[in-house]
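Q: Below: one structure in structure tokens.
Numbering (mature numbering (1 follows the signal peptide of the UniProt record, and there is no 0)), first residue to last: -19 to -1, 1 to 141.
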């Protein structure tokens, strides 16, 4: 009986999630977006014209506990070149924050706003549970993510 109730509940939640954006927790705690952003890559190309830097090949970006990796990341600096304004990652992106991980085709991190938008076949893994959507908006300071588009999920019961 309990298994039937859990199944009905999971189907109901999944149906609701498909109809609207779904907000979920993301990360182990609030991310401090004032921490330095560290970037490593195989190569770097800098453009003085638009104040950008293109990192390619095994790019890994770290800020506190958060890690973002992708084959290609374009970094835009603030007007006075004193810090990073935003990052555009392409070519298959992985974002790890605490014990949670998300994958997508692209991601854009607006550092000052503390937001990351992931787009294209988004897969969010939280322990044994997974959520899939068209896009995901992460609010690092709040520690939440909003799954958008067609949202699908698999909840594992406590019996598995």
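For every residue, glycine included, the Cβ atom is placed at its ideal position computed from N, Cα and C.
Remember, it's a predicted structure, so these values are computed and weren't measured experimentally.
Name the one or two DSSP bridge partners that residue 82 has.
A: For this step, residue 82 is matched to residue 101 along the chain shown. Answer by DSSP bridge pairing, in chain order: 77 and 106.
Q: Quick check: the Cα distance between residue 75 and residue 65, rounded to an integer number of angstroms?
A: Locating residue 75 in the chain shown gives position 94, where the first residue counts as 1. Locating residue 65 in the chain shown gives position 84, where the first residue counts as 1. If you take the alpha carbons of residue 75 and residue 65, they lie about 20 Å apart.
Q: With C-beta atoms as the reference, is residue 126 less than 8 Å away from residue 118?
A: Mapped onto the chain shown, residue 126 falls at position 145. Mapped onto the chain shown, residue 118 falls at position 137. Their beta carbons are under 8 Å apart, which means residue 126 touches residue 118 by this criterion.
Q: Which parts of the stretch 18 to 102 are runs of the alpha helix (DSSP H), unbroken and 4 residues or longer, counting only runs that do not cross its ends?
A: If we require 4 residues or more, the stretch 18 to 102 turns out to have no alpha helix (DSSP H) run fully inside it.
Q: Taking the beta strand (DSSP E) that residue 127 falls in, what are its first and last residues?
A: Position 146 of the chain shown, counted from the start, is the residue given in the question as residue 127. First-last of the beta strand (DSSP E) with residue 127: 125 to 129.
Q: Measuring CA to CA, which of 15, 49, 122 and 57 is closest to residue 28?
A: Residue mapping note: residue 28 aligns to position 47 of the chain shown, counting from 1. Looking at the Cα atoms, 57 is the closest of the given residues.
Q: Since residue 14 is in the beta strand (DSSP E), which residue starts that stretch and which ends it?
A: The residue labelled residue 14 in the question sits at position 33 within the chain shown. Here residue 14 belongs to no beta strand (DSSP E), and DSSP marks it neither H nor E.
Q: Let me make sure I understand the geometry here. Which of 46, 49 and 55 has the alpha-carbon closest to that of residue 158?
A: Examination of residue 158 is not possible in this model, given that the chain is present from -19 through 141 alone.
Q: For a test of the three-state rule: what should DSSP assign to residue 116, helix, strand or coil?
A: If you number the chain shown from 1, residue 116 lands on position 135. Residue 116 falls in the strand class under three-state DSSP.
Q: Output the distance between the C-alpha atoms of residue 112 and residue 106, rounded to the nearest integer angstrom.
A: Within the chain shown, numbered from 1, the residue matching residue 112 stands at position 131. Within the chain shown, numbered from 1, the residue matching residue 106 stands at position 125. Cα to Cα, the separation comes out at about 7 Å.
Q: Suppose you measure from the CA of residue 131 to the CA of residue 43; what does that come to, to the nearest Å?
A: Taking the first residue of the chain shown as position 1, residue 131 is located at position 150. Taking the first residue of the chain shown as position 1, residue 43 is located at position 62. If you take the alpha carbons of residue 131 and residue 43, they lie about 30 Å apart.
Q: In its own chain, which residues sit with a C-beta less than 7 Å from the C-beta of residue 7, not counting the 5 before and 5 after it?
A: Translated into positions along the chain shown, residue 7 becomes position 26. So the qualifying residues of the chain are 78, 81, 119, 124, 125 and 126.
Q: Kindly list the residues whose CB is nearer than 8 Å to the CB of residue 24, restricted to its own chain and excluding five residues on each side of it in sequence; keep chain order.
A: Position 43 of the chain shown holds residue 24. Here the set comprises 36, 37 and 38.
Q: Quickly, what does DSSP pair residue 4 with across the bridge? List them, please.
A: Taking the first residue of the chain shown as position 1, residue 4 is located at position 23. Answer is 127, bridged to residue 4.
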